[in-house]
Each structure stands twice: as structure tokens, then as C-alpha cells.
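In the numbering used here, the protein residues as written are 28 to 397. Inspection log for the structure reproduced underneath, given as C-alpha cells.
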């Protein structure tokens with residue numbers, strides 16, 4: 028018997044997130060057998076909408092074996108055929124299940140960086156040219172990472188993923204308008220004092236269209252404008268390794284000094300290409316149901332009272348000219364239970380200790396979004 032919560036989620040993904048129209052092609056890409064009940068609901072919903080579904084299944088253990096011996100020519104050819112497939116699609120849904128998130132931890136960094144760089148054209152096409160949405164599927168490892176029982180996590184997951192995103196979208200409008208006209212940003216918190224400009228970049232609402240769960244408004248720093256220091260207070264899983272205590276010293280937009288629990292590994296990522304040491308995104312997080320990190324970017328970057336500041340590639344709809352194979356969303360939570368902090372836009376205090384303090388932005392505080 029199909030879980031009715033999957034049917035509700037499939038309806039949201041197909042009709043709200045992807046705005047699928049009759050005759051359009053959609054690629055459904057999933058990892059892990061536990062995702063199959065949702066994938067079946069998605070296929071049925073696509074057919075009901077008059078669309079044409081295509082399905083890819085992946086496995087991280089297989090990807091690990093491929094990457095350990097991969098050559099440059101092999102990965103270039105892989106990108107060619109994956110890009111050809113993506114160019115035929117109007118929309119894309121990715122569902123990721125509970126395979127070992129550290130499966131790639133023993134793949135040499137140079138192989139992972141080569142893979143990221145050579146397959147990035149397919150990713151860029153998908154991000155820039157299709158209607159796409161990415162999400163996880165609830166499983167035991169996610170429940171463990173969140174510190175919840177399986178049943179409690181599933182209840183949390185469906186609540187987060189199927190909240191009223193149209194209501195959230197309307198509440199985001201004043202923040203987007205404010206960011207659109209902002210020049211200077213200052214961020215202050217424990218170990219953090221950072222300034223940069225977002226002048227002329229423009230802000231983008233993330234309101235359930237591209238990510239589920241969702242809840243952020245992002246822009247990008249003017250590439251060479253950032254100066255100061257930032258000490259992130261959440262862990263981050265990248266290339267199969269859990270980074271902690273990440274700290275950057277930034278001058279004229281470039282990360283000049285970087286440290287973490289594995290400083291060598293951190294700098295190897297930042298040395299992937301020149302753009303990896305500059306920032307491609309700055310974003311406010313505001314999902315009212317997501318309060319604590321669980322080493323899953325799709326959830327962690329939406330934490331209520333957080334922001335993320337992202338080394339690497341900018342998005343096409345908030346461009347600052349930075350190009351990179353890296354796009355690493357690193358999160359800092361500014362609620363009092365994480366040390367607090369403040370954000371100013373053009374010398375006006377906008378958020379303090381994780382709460383928006385301007386009356387026109389009060390609709391984005393958690394009690395008004397639930």
C-alpha cells in the first residue's frame with residue numbers, strides 16, 4: 028500500500044516544484060532502493076500530468092569503484108553522454124536515499140576533484156536549463172544523524188517537505204526586495220566579523236521550487252569585496268569527510284588562510300581551481316522546522332536563524348562572475364543556543380540572534396511560517 032504522504036509529496040514535486048506541463052520530459056534520478064515507493068508515485072503523477080518520465084538509478088558503492096580507477100578521458104566521455112541526456116529534458120527530480128554518506132571518503136581527492144570538474148557541464152545545464160528539484164528520502168541513517176527515532180524522523184521529514192511553500196514565498200518578498208537594493212553586508216558573531224557588498228547582484232527566493240525541503244533567500248557577494256574572518260559553527264560533510272571548525276581569513280574576496288579539523292584536506296578542495304577560493308553565494312536560512320544540523324546540506328542550509336556563505340561557483344540567476352567546479356554550502360547558525368550573532372544590510376540591523384527584527388520581515392520568523 029502506498030504511503031499517502033508520498034502521494035502528497037509527489038503531487039507537490041511534479042506540479043508545484045517542476046510546474047510540469049503535458050508533453051514535457053522529466054528525468055527522475057534516484058539513489059537507494061528505499062526510494063522506490065516515492066519514485067513509483069512520481070512516475071504515476073507525471074503520467075497524470077501528461078508528461079513523459081525517464082528514470083535513472085544510482086549506487087554510491089558502484090560510483091566509488093568507478094572513481095578509484097577513473098581516467099580523464101573516461102570521465103570526459105561520461106559527461107558527453109550524460110549531458111546529451113540532460114539536454115533532452117525539460118525537468119529533473121533527484122531523490123537520494125540512505126546509502127553511506129562516507130562511501131567516497133577513501134577516494135583520493137584528486138580523483139574527486141577531477142570528477143567534479145569534468146562532469147560539471149552536465150550539472151550546469153541541469154541547474155541553468157531545466158526545472159529541477161532535489162530531495163532526500165527518509166531512512167535510518169538520516170534519523171540517526173538528526174538524533175531521532177525512525178518514526179519521529181519520518182514525521183519531521185514529511186512536515187518539513189510538505190509545508191505551505193506558497194505562504195513562505197509571499198513572506199520572502201520583502202526580504203528579496205531589501206536585498207535587491209542593498210550594497211553593504213556585515214556579519215558579526217563568535218569568531219566572525221565579515222563585510223562584503225551584494226550591490227547589483229540581485230536576490231533569489233528558494234520557496235520549494237528547486238529544493239525540498241526549502242526556505243532560503245540567496246544572492247552572491249561582489250567577487251572581490253569580502254574582507255574579514257568567519258568561523259563556521261556547524262559540521263559539513265564534503266567528499267565523504269566530516270569537516271569541523273572551519274575558519275577562513277578573507278582578503279579582497281579570496282580565502283587567504285583556511286583551517287579545520289583536517290586543514291590539508293580542506294585546502295585541497297579550495298585548490299580545485301582558482302574560483303574555489305572565492306565565494307559564489309550568500310543566503311539567509313529560514314525553514315521553521317529545521318533547527319539543528321544533520322550533515323545533510325539540503326536540510327542544514329535551510330536551518331532557521333542561519334546563513335550560509337559558499338566557496339565556489341555562483342548561480343546564474345545571482346551571478347558574480349565566479350566560476351568553479353566547487354559549490355560548498357557552509358552554514359553558520361546565529362540563534363542564541365549557537366552563540367548568537369547579527370547581520371546588517373547597509374548599516375541597518377536586519378537579524379539578531381537568528382530572528383528578523385524589521386517589522387516587514389517578521390513574517391519570516393518561525394512562528395509565522397508554521
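Backbone N, C-alpha and C define an ideal beta-carbon position, used for all residues, glycine too. A quick note: this is a predicted structure, and the numbers were derived from the prediction, not measured.
Discussion item. Would the region 212-231 count as touching the region 282-289 if we require 3 or more Cβ pairs under 8 Å?
Written reply: no
Practice prompt. Classify residue 137 as buried or exposed, calling it buried when 16 or more other Cβ atoms lie within 10 Å of its own Cβ.
Written response: With fewer than 16 other beta carbons inside 10 angstroms of its own, residue 137 counts as exposed.
Discussion item. If you measure between the beta carbons of residue 240 and residue 326, is that distance less than 8 Å?
Written reply: The answer is yes: Cβ separation under 8 Å.
Discussion item. What residue range does the alpha helix (DSSP H) around residue 37 cover?
Written reply: 31-38
Practice prompt. Please go through the same chain and pick out, in chain order, the residues whose beta-carbon is closer than 7 Å to the beta-carbon of residue 365, but skip the five residues on each side of it.
Written response: 260
Item to complete: Take residue 45 as the anchor and find which of 247, 157 and 292 has the nearest alpha-carbon.
Response: 157
Worksheet item: What's the call for residue 112, buried or exposed, on a 16-neighbour Cβ count within 10 Å?
Response: exposed
Discussion item. Using CA atoms only, rank isn't needed, just tell me which of 160, 243 and 290 is closest to residue 200.
Written reply: 243
Fill in: 6 Å Cβ shell around residue 396 - same chain, five flanking residues per side excluded
195 and 315
Fill in: Three-state class that DSSP yields for residue 7 in the structure shown
Nothing about residue 7 can be reported from this structure: the residues present for the chain run from 28 to 397 only.
Worksheet entry | Inter-residue spacing [alpha-carbon to alpha-carbon] between residue 170 and residue 122 | 17 Å
Practice prompt. Could you tell me which of 320, 190 and 155 sits nearest to residue 341, measuring between CA atoms?
Written response: 155
Discussion item. For residue 296, report the span of its alpha helix (DSSP H) as first-last.
Written reply: 290-297
Practice prompt. Identify which residue in 318, 40, 35 and 129 has its Cα closest to the Cα of residue 264.
Written response: 129
Worksheet item: Does DSSP put residue 260 in a helix, in a strand, or in coil?
Response: Coil, per DSSP.
Discussion item. At the level of alpha carbons, what is the spacing between residue 348 and residue 247?
Written reply: 10 Å
Item to complete: Could you name the residues of the same chain whose beta carbon sits closer than 6 Å to that of residue 275, not counting the 5 residues immediately before and after it, in chain order?
Response: Here the set comprises 257, 282 and 285.
Worksheet item: Does DSSP classify residue 187 as helix, strand or coil?
Response: helix
Worksheet item: How about residue 103 and residue 150: do their beta carbons lie closer than 8 Å?
Response: no
Worksheet item: What do you reckon, are the CB atoms on residue 110 and residue 148 nearer than 8 Å?
Response: yes
Worksheet item: Under a Cβ-count criterion, where at least 16 other Cβ atoms within 10 Å of its own Cβ denotes burial, should residue 72 be classed as buried or exposed?
Response: buried
Practice prompt. Pull up the distance between the alpha-carbon of residue 54 and that of residue 295, whole angstroms please.
Written response: 33 Å
Worksheet item: Where residue 353 and residue 140 are concerned, what is the direct C-alpha to C-alpha distance, given to the nearest angstrom?
Response: 9 Å
Worksheet item: Going by the beta-carbon positions, is the gap between residue 230 and residue 391 smaller than 8 Å?
Response: no
Discussion item. Cutting at 6 Å between CB atoms, please list the residues of its own chain near residue 270, excluding the five before and the five after it.
Written reply: 263 and 287
Discussion item. Taking the beta strand (DSSP E) that residue 276 belongs to, which residues open and close that run?
Written reply: For residue 276, the enclosing beta strand (DSSP E) covers residues 274-278.
Worksheet item: Among 381, 300, 250 and 351, which has the Cα closest to the Cα of residue 309?
Response: Residue 250 is the option with its Cα nearest to residue 309.
Fill in: Residue from 245, 57 and 291 whose Cα sits closest to the Cα of residue 306
Taking the Cα of residue 306 as reference, the smallest distance to any Cα among 245, 57 and 291 is reached at 245.
Fill in: Start and end residues, beta strand (DSSP E) containing residue 158
158-163
Worksheet item: So is residue 351 buried or exposed if we call it buried at 16+ other beta carbons inside 10 Å?
Response: buried
Practice prompt. Return the first residue and the last residue of the alpha helix (DSSP H) that residue 83 is part of.
Written response: For residue 83, no alpha helix (DSSP H) segment is defined; the enclosing uninterrupted segment is the beta strand (DSSP E) at 79-85.
Fill in: Element boundaries [alpha helix (DSSP H), containing residue 109]
99-114
Discussion item. Quick check on the burial criterion: 16 or more other C-beta atoms within 10 angstroms. Buried or exposed for residue 50?
Written reply: exposed
Worksheet item: residue 160 and residue 237: beta carbons closer than 8 Å?
Response: yes
Worksheet item: Curious, which full-length alpha helix (DSSP H) runs of at least 4 residues does the region 208-273 contain?
Response: none
Worksheet entry | Limits of the unbroken beta strand (DSSP E) element including residue 372 | 369-372
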